[in-house]
Amino acid sequence: MLTAVLALSVLGIAFGLLLGFAAIRFKIQGDPLVDQIDALLPQTQCGQCTYPGCRPYATAIAKGEADINQCPPGGETTIQALADLLDRDPKPLNPEHGVIKPKMVAVIDEPVCIGCTLCIQACPVDAILGAPKQMHTVIAEECTGCELCIPPCPVDCIDMVTVKQDVSTWKWPYPVFAITEKPA
Amino acid sequence: MEMAVSCFRNHGETCIMEQLWRFHGGVHPEQHKALSTRHPVQTARLPKRLTLPLNQHIGELAEPIVKPGDKVLKGQMIARASGYVSAPVHAPTSGTVLDVAQKPIPHPSGLSALSIVIESDGEDRWVASQAVADYTSLDPSALRNIVREAGIVGLGGAGFPTYIKLNPSSHKSVKTLILNGVECEPYITCDDMLMRERADEIVSGMRIILHALQAEECVIAIEDNKPEAYEAMVAATRNEQGVTVKHVPTIYPEGSEKQLVQVLTGQEVPSNGLAIHVGVVCQNVGTAAAVHRAIHHGEPLISRFITVTGSGVKEPRNMEVLFGTSMSELIEQCGGDIDHLDRLIMGGPMMGFALHDTHLPVIKTTNCIIAATRADLPQPRPVMPCIRCGACADACPVSLLPQQLYWYAKHKELDKVQEYNLFDCIECGCCSYVCPSNIPLVQYYRFAKGEIWIKEREREKSDIARQRFEFRNQRLETEKAERETRRSKKKAALKTGNESDTHDATQTEIKAAMERVQSKQEIAKTGNEKNAENTAE
Chain Y
1 MLTAVLALSV LGIAFGLLLG FAAIRFKIQG DPLVDQIDAL LPQTQCGQCT
51 YPGCRPYATA IAKGEADINQ CPPGGETTIQ ALADLLDRDP KPLNPEHGVI
101 KPKMVAVIDE PVCIGCTLCI QACPVDAILG APKQMHTVIA EECTGCELCI
151 PPCPVDCIDM VTVKQDVSTW KWPYPVFAIT EKPA
Chain G
1 MEMAVSCFRN HGETCIMEQL WRFHGGVHPE QHKALSTRHP VQTARLPKRL
51 TLPLNQHIGE LAEPIVKPGD KVLKGQMIAR ASGYVSAPVH APTSGTVLDV
101 AQKPIPHPSG LSALSIVIES DGEDRWVASQ AVADYTSLDP SALRNIVREA
151 GIVGLGGAGF PTYIKLNPSS HKSVKTLILN GVECEPYITC DDMLMRERAD
201 EIVSGMRIIL HALQAEECVI AIEDNKPEAY EAMVAATRNE QGVTVKHVPT
251 IYPEGSEKQL VQVLTGQEVP SNGLAIHVGV VCQNVGTAAA VHRAIHHGEP
301 LISRFITVTG SGVKEPRNME VLFGTSMSEL IEQCGGDIDH LDRLIMGGPM
351 MGFALHDTHL PVIKTTNCII AATRADLPQP RPVMPCIRCG ACADACPVSL
401 LPQQLYWYAK HKELDKVQEY NLFDCIECGC CSYVCPSNIP LVQYYRFAKG
451 EIWIKERERE KSDIARQRFE FRNQRLETEK AERETRRSKK KAALKTGNES
501 DTHDATQTEI KAAMERVQSK QEIAKTGNEK NAENTAE
């Protein structure tokens, strides 16, 4: 009896020390889960999820503070991907945070722009180019369509425009036809 | 097989592929080729108006260098290549530029692309051009440049800029050039007719390409259903060294580059690899003829042979057509009625696609247009559930598992389809062709490929957005920190430093400024006085 207790205690202590050492020796810097979640988010940095950017939202999800259905730009694909990653059930997008819209970019009506730089300060990805009292313009390639530049504009010269499909972005549609059980 | 491969390697120059191999699967669809080979090739009428899309090739859109109202001459460059994978566009005839705008193009999407519209003046006047007197004196890079400036792209159907294929990376030496005259798709006969009628041009182009690649030997592969073309090519290459014309057995999709390399050399092109990885470069016979015209005549690529066929036209035939010519005009010239067509198809029945309009322009990659009635292409039969018969796997020339790809693509499991090597699929359509349940398998693969590409592009974009966001945050923080330190320094200076010192410093500064102003005023005064004296005198 005593031998058994002793043996198990010794084993327990030995493995405990081993695990304790491993935890310090192989400690991972940062939270890999946050990185994984962040990689799935669309990086629009729009703040519709109520967090100031995609990474804070990812951190909140990892901590269990936020739900996975708060990202309208990501839409269903992102919710599905997050559900797969976190092994949860996918849910529909929470309408409180916005609606799913087609991909858009901001366009500045250049003759109207007064060069106030407010939109430049609002843009989270530095996609607006300009200087004080000079006309501003949006670098369409870099614009994530977050709409954060719209409210600060004092002359209301920024419009969101749907990105048009062209030959280079076109893709084959999902084949749709009725499956018949018997040849007609 | 192994032994034969080594024989090929050892004997090199003398024994050029004595043996033929075969690839997995393949199908034998009905040929329908005799339809369009009865008449010699006819030059199409000069059209009144030509529409030239700027994306007739794979790669970046060409950049227009003319504007509406400009007069252009035949062969004049009207749009230049923008980027490495791109090709310029030339005016196919002389005339006036009417418009540079979005116009419908022949594409499965039915979308438009930036195009240049030219109204011909009927004179067909050539721009001054320079032929190369002796191409052997030019080095390969100069030759490549001429080919690039001539806007030559692969004329087999894909439209990949030819000059890139003539530039094997320095560490890869090219042993064999394969001229592809296989033309395995039903209905299409433009390469067949080109070999019959312009064999000399093809051979001349071949010599130039061999020189540009510094390759040792050339094989011209022709399916054995084209005996006339074979004879013509044999006759044209009689005095050539290191050139063989090879009859290959008729089987679809033998004209596909990787399959042809396998048939001729017994070597499989690796997954994600190119023919160059096994020391081979493949060019279409039409491309070789275009290279000949560019070097020996200084003519850019402005026309090609096109098969106009199908039971929707009375006289199916091949025509030499200027790019930009409307397809409806060609159908009319072949005795067809565009109002009574069931479908108009660009390319062959296996890999081609239905067009949304009959007035679309002919482009560099248009090898065939099929004016189809119900007789040519019966209505698609009803789709039934997959019965797991495996016929598709037997037919697949790439040895993929089309059933598995189908299941995963159908359920949008994009990771899984990639595990089953979706991207090795050449979309030849053999699997759909043999499917007893009539499932349009290729459509699923195309859909899955498109989805994956879009995802990839979105991922790249979001990565860039993340970087920019993080960089911005970092910049804002450093700016804030800098401001903070400056402020605290000033504060510290005000608090601890001698206040009278700073006061004195300002005083001296003001004094210095006052002195400067005074001296300036004095100078001005004396100057004025002098001036006054001068005027008085």
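Heads up: the protein sequence lines correspond to chains Y and G, in order.
Its first residue numbered 1, the first sequence is counted upward by one per residue in the working numbering.
Its first residue numbered 1, the second sequence is counted upward by one per residue in the working numbering.
Where is the CB? At the ideal position from N, CA and C, for every residue including glycine.
How about residue i and residue j: are their beta carbons less than 9 Å apart?
i: G:Cys425; j: G:Lys449; result: yes
i: G:Met350; j: G:Met327; result: no
i: G:Leu35; j: G:Tyr187; result: yes
i: Y:Ala58; j: Y:Asp87; result: no
i: G:Trp21; j: G:Val263; result: yes
i: G:Val153; j: G:Thr365; result: yes
i: G:Asp376; j: G:Ser462; result: no
i: G:Glu115; j: G:Leu73; result: Looking at the sequence itself, residue 115 of chain G is Ser, so the reference to Glu does not match. Cβ atoms of G:Ser115 and G:Leu73: not closer than 9 Å.
i: G:Leu50; j: G:Ile105; result: no
i: G:Ala229; j: G:Asp192; result: yes
i: G:Leu155; j: G:Val281; result: no
i: G:Ser129; j: G:His292; result: no
i: G:Ala236; j: G:Val203; result: yes
For residue i, count the other beta carbons within 10 Å of its own beta carbon; 16 or more makes it buried, fewer makes it exposed. Which is it?
i: G:Ala367; result: According to the sequence provided, residue 367 of chain G is Asn. The question's Ala does not apply to it. Classification of G:Asn367: buried, given that the 10 Å Cβ count is 16 or more.
i: G:Leu166; result: buried
i: G:Gln259; result: buried
i: Y:Leu6; result: exposed
i: G:His39; result: exposed
i: G:Cys15; result: At G:Cys15, the pLDDT of 44 sits below 50, so the modelled position is not reliable and the matter cannot be decided from this model.
i: G:Val284; result: Here the sequence assigns Asn to residue 284 of chain G, which means Val is not the residue at that position. Flag for G:Asn284 reads buried.
i: G:His28; result: exposed
i: Y:Pro132; result: exposed
i: G:Ser6; result: A caution first: G:Ser6 carries a pLDDT of 38, below 50, which makes its placement in the model unreliable, though a value can still be read off. Exposed, since its Cβ has fewer than 16 Cβ neighbours within 10 Å.
i: G:Thr287; result: buried
i: G:Arg446; result: buried
i: G:Asn145; result: exposed
i: Y:Gly115; result: exposed
i: G:Gly12; result: Because the pLDDT of G:Gly12 is 41, which lies under 50, any placement of that residue in the model is unreliable, and the question is left without a value.
i: G:Phe323; result: buried
i: G:Lys33; result: buried
i: G:Ala524; result: exposed
i: Y:Gly30; result: exposed
i: Y:Phe177; result: exposed
i: G:Arg381; result: exposed
i: G:His107; result: buried
i: G:Phe8; result: Unreliable placement is indicated for G:Phe8, whose pLDDT of 42 sits below 50; the coordinate value is still reported in the next sentence. Answer is buried; the Cβ neighbour count reaches 16.
i: G:Ser120; result: buried
- Query: What residues in the stretch 128–154 of chain Y bring their beta carbon closer than 7 Å to a beta carbon of chain G?
  - Reply: So the close ones are Glu142 and Thr144.
- Query: Should the stretch 43–63 of chain G be called in touch with the stretch 80–90 of chain G, which here means at least 3 C-beta pairs below 8 Å?
  - Reply: Short answer: they touch.
- Query: Can you list the alpha helix (DSSP H) stretches of 4 or more residues lying completely in the stretch 305–386 of chain G, in chain order?
  - Reply: Listed in chain order, the complete alpha helix (DSSP H) runs (minimum 4 residues) inside the stretch 305–386 of chain G are 327–333.
- Task: Could you tell me whether the stretch 412–424 of chain G touches the stretch 133–143 of chain Y, where touching means 3 or more Cβ pairs closer than 8 Å?
- Result: No, they do not touch.
- Message: Which runs of the beta strand (DSSP E) at least 3 residues long sit entirely within the stretch 256–305 of chain G? Give them in chain order.
- Response: If one requires a minimum length of 3 residues, the beta strand (DSSP E) runs lying completely within the stretch 256–305 of chain G are 280–284, in chain order.
- Item | Completely contained beta strand (DSSP E) runs for the stretch 55–106 of chain G, where each covers 3 or more residues | Those beta strand (DSSP E) runs which fall completely within the stretch 55–106 of chain G and span 3+ residues are 77–80 and 95–104.
- Report yes or no: do the stretch 295–306 of chain G and the stretch 257–273 of chain G share at least 3 C-beta pairs separated by less than 8 Å? No, the stretch 295–306 of chain G is not in contact with the stretch 257–273 of chain G.
- Going along the stretch 416–436 of chain G in order, which residues come within less than 7 Å of chain Y, judged by CB to CB distance? Cβ contacts with chain Y: none found.
- Just checking, does the stretch 113–133 of chain Y make contact with the stretch 75–90 of chain Y on the three C-beta pairs under 8 Å criterion? Short answer: they don't touch.
- Query: Any residues in the stretch 158–174 of chain Y with a beta carbon nearer than 9 Å to a beta carbon of chain G? Which ones, in chain order?
  - Reply: Taking 9 Å as the Cβ-Cβ cut-off against chain G, the residues of the stretch 158–174 of chain Y that qualify are Gln165, Asp166, Val167, Ser168, Thr169, Trp170, Lys171, Trp172, Pro173 and Tyr174.
- When Cβ atoms are compared, which residues of the stretch 437–448 of chain G fall closer than 8 Å to chain Y? Within the stretch 437–448 of chain G, those residues whose Cβ lies closer than 8 Å to any Cβ of chain Y are, in chain order, Pro440, Gln443, Tyr444, Arg446 and Phe447.
- Using 8 Å as the Cβ pair cut-off and three pairs as the minimum, do the stretch 90–108 of chain Y and the stretch 159–166 of chain Y touch? Using a C-beta cut-off of 8 Å, the stretch 90–108 of chain Y makes contact with the stretch 159–166 of chain Y, since at least three inter-stretch Cβ pairs fall below that distance.
- Query: Are three or more beta carbon pairs between the stretch 209–220 of chain G and the stretch 247–259 of chain G nearer than 8 Å?
  - Reply: With a cut-off of 8 Å, the stretch 247–259 of chain G and the stretch 209–220 of chain G do not count as touching, because too few Cβ pairs lie within range.
- Minimum length 4: unbroken alpha helix (DSSP H) runs contained in the stretch 139–166 of chain G: Within the stretch 139–166 of chain G, the complete alpha helix (DSSP H) runs of at least 4 residues are 140–149 and 162–165.
- Message: Does the structure place the stretch 429–436 of chain G close enough to the stretch 387–397 of chain G that three or more beta carbon pairs sit under 8 Å?
- Response: Contact between the stretch 387–397 of chain G and the stretch 429–436 of chain G is present, with at least three C-beta pairs closer than 8 Å.
- Query: What residues in the stretch 48–79 of chain Y bring their beta carbon closer than 9 Å to a beta carbon of chain G?
  - Reply: The stretch 48–79 of chain Y vs chain G, Cβ under 9 Å: Gly53, Cys54, Arg55 and Thr77.
- Message: At a CB distance below 9 Å, what residues from the stretch 449–462 of chain G approach chain Y? Give them in sequence order.
- Response: Answer set for the stretch 449–462 of chain G: Lys449, Gly450, Glu451, Trp453, Ile454, Lys455, Arg457, Glu458, Arg459, Lys461 and Ser462.
- Please list the segments of the beta strand (DSSP E) lying wholly inside the stretch 162–239 of chain G, counting only runs of 3 or more residues, in order along the chain. Runs of the beta strand (DSSP E) spanning 3 or more residues and lying entirely within the stretch 162–239 of chain G occur at 176–181 and 217–223, in chain order.
- Task: Any chance you could list the alpha helix (DSSP H) runs of at least 4 consecutive residues sitting entirely within the stretch 94–148 of chain Y, in chain order?
- Result: Taking only runs of at least 4 residues, the alpha helix (DSSP H) segments lying wholly in the stretch 94–148 of chain Y are 118–122.
- Using a Cβ-Cβ cut-off of less than 7 Å, list which residues of the stretch 383–395 of chain G approach chain Y; keep chain order. Listed by position, the residues of the stretch 383–395 of chain G near chain Y (Cβ gap below 7 Å) are Val383, Met384 and Pro385.
- Note down, in chain order, all residues in the stretch 468–495 of chain G with a beta-carbon under 7 Å from any beta-carbon belonging to chain Y. Cβ contacts with chain Y: Arg468, Phe469 and Arg472.
- Query: Relative to chain Y, which residues along the stretch 50–66 of chain G have a C-beta separation below 7 Å, given in chain order?
  - Reply: The residues in question are Asn55.
- Select from the stretch 113–126 of chain Y all residues with a C-beta closer than 7 Å to any C-beta belonging to chain G, and list them in chain order. The residues in question are Pro124, Val125 and Asp126.
- Message: Suppose only complete runs of 4+ residues qualify. What are the alpha helix (DSSP H) ranges in the stretch 446–494 of chain G, listed by chain order?
- Response: With a minimum length of 4 residues, no continuous alpha helix (DSSP H) run stays inside the stretch 446–494 of chain G.
- Could you tell me whether the stretch 63–78 of chain G touches the stretch 90–101 of chain G, using the rule of 3 or more Cβ pairs below 8 Å? Output reads yes: the stretch 90–101 of chain G touches the stretch 63–78 of chain G.
- Message: Does the contact criterion of 3 or more C-beta pairs under 8 Å hold for the stretch 474–482 of chain G versus the stretch 45–61 of chain Y?
- Response: Result no; under three Cβ-Cβ pairs closer than 8 Å.
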